[in-house]
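> Got a structure here, written out as structure tokens. Questions coming.
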Amino acid sequence: MQNAQPDFGRVIATLGHEEPDRVPLAEIAVDYTTMSRFLGQPVSDEDVAAQVAFWTQAGYDYTLLTVGMMRPGGITKDSQISKVIQSVTKGDAEQGEDEDAWNIWKVPRILTEADFERFPWERLAQLDFSKFHEVQQYLPDGMKIIATSGKIFTSSWMLMGFENFAVNLKLNPQFVDRVIERVAQIQLDGLREVAALPNVAAVWAVDDIAFGSGLMLSLSTLRKHLFPWYEEFGRVCRERGLHFFFHTDGVVWDLLEDLIALGVDALHPIDPTCMDIEAVKRAVKGRLTLVGNISNELLEVGTPEQVAELTKQRLRTVAPGGGYCLGSGNSVPDWAKIENYRAMVETALRFGSYPIHIEA
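Quick note: the sequence shown uses my numbering, first residue 114, plus one each step.
Now the structure itself:
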């Protein structure tokens, strides 16, 4: 593909609010079905070589690997947290196939402090770093690794159930803090481990703390219970020379200054259903890089021509001056039309060279 040679240096320049050779592409997740359609060959969670081939051929400067309890996106049976819960609850093979036996979205596991004490935290902390070692042999020159992590808030409320989490925030906040602390320590230990591995250049924390109408918790609650842990994420990243990306959907106006203060370098996806990315760029220019914002709805139901036009608009209005990586407005799911996904990345590679010259 045109102009697709990986070079993580262009991401670094963009994070520094400079203009590299072209606007980088960036995604927090691409469904394996979409990867397979793009490459014309199967791509799976186990096939690290095929994953690297996808990220390279699609024009990205990094490959994604997960460290921690959950990958970006929905709860899957092969997530670390799901495997641990299955191993504890599975009484027989039939029960092990039952989604209720592992899906914490459906069945919370920590309703009481006694549940907290019984929960197999030690097993959950036994993270698997094998892919970070395996991938080294497949990385082409210029390509780095971004480790996805985070989910401190998400994992905590899913383990407790959201209603139970919210009630205890009011009635027993110390209990909530115990759960958050155990989750956060596991994620931080994983971060420290991968930060020392070769070619890991950034950490992308994923934690939805907002939705289309506002924050999921008050800003004061986030500052008290959650943000100190992400401040520690930022500190570890700075100490290890890593860049710090953060993902949350929803309306994030009230979060911008806090995220900058936490040490976040880049914010994703500037949800196009409820945020004006041009206004956000004006507010944080030179202080926070923006990532994403190409409508997922358009990727699903639009035409390649419509996707290309929106992509060119973002390049024209948001990319000048650096501080912007182009990508979807959330992630690239299996229901995105492959021709629309191709239109997005191919348009970015064709028209995203600096200085940007695209007629309105």
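Glycine is no exception: its CB is placed at the ideal position from the N, C-alpha and C atoms. Just so we're clear, the structure is a prediction, and the values are computed from it rather than from any experiment.
Just to confirm my understanding: we take residue 150, look at its own chain, exclude 5 residues before and 5 after, and list those with CB closer than 6 Å. What are they?
Excluding residues within five positions, the ones whose Cβ falls inside 6 Å are 451.
> Is it the case that the Cβ atoms of residue 247 and residue 435 are separated by a distance below 7 Å?
No. Outside cutoff.
> Express the C-alpha separation of residue 401 and residue 238 in angstroms, rounding to a whole number.
About 32 Å.
> Quick check on this structure: which residue in 276, 243, 176 and 263 has the alpha carbon closest to the alpha carbon of residue 474?
A question about residue 474 goes unanswered here, because the residues of the chain that appear run from 114 up to 473.
> Measuring alpha carbon to alpha carbon, tell me which residue in 232, 315 and 453 is nearest residue 81.
For the chain, the structure presents residues 114 to 473; residue 81 sits outside this window and is missing.
> Under 7 Å, do residue 457 and residue 390 count as touching if we go by C-beta distance?
It is not a contact, given that the beta carbons lie outside the stated cut-off.
> Is the beta carbon of residue 423 closer than 7 Å to that of residue 138?
Contact: no.
> Run the CB neighbour count on residue 342, radius 10 Å, all protein chains shown included, and call it buried at 16 or more, exposed below.
Under this definition residue 342 is a buried residue.
> Comparing alpha-carbon positions, which option in 177, 243 and 148 lies nearest residue 167?
The option with the nearest alpha carbon to residue 167 is 148.
> Beta-carbon of residue 244 versus every beta-carbon of chain B: anything under 7 Å?
Of the protein chains in the structure, only one exists, and it is not chain B.
> Here's a check: name, in chain order, each residue in its chain whose Cβ is nearer than 7 Å to the Cβ of residue 263, leaving out the five neighbours to either side.
300, 318, 319 and 320, listed in sequence order.
> Under the DSSP definition of a beta bridge, which residues are partnered with residue 394?
None, per the DSSP bridge assignment.
> Would you call the stretch 254 to 273 and the stretch 287 to 305 in contact, with 3 or more CB pairs under 8 Å?
Cβ pair count under 8 Å is three or more, so yes.
> Less than 6 Å between C-beta atoms, sequence neighbours within five positions excluded: which residues of the same chain meet that for residue 282?
Hits under 6 Å: 289.
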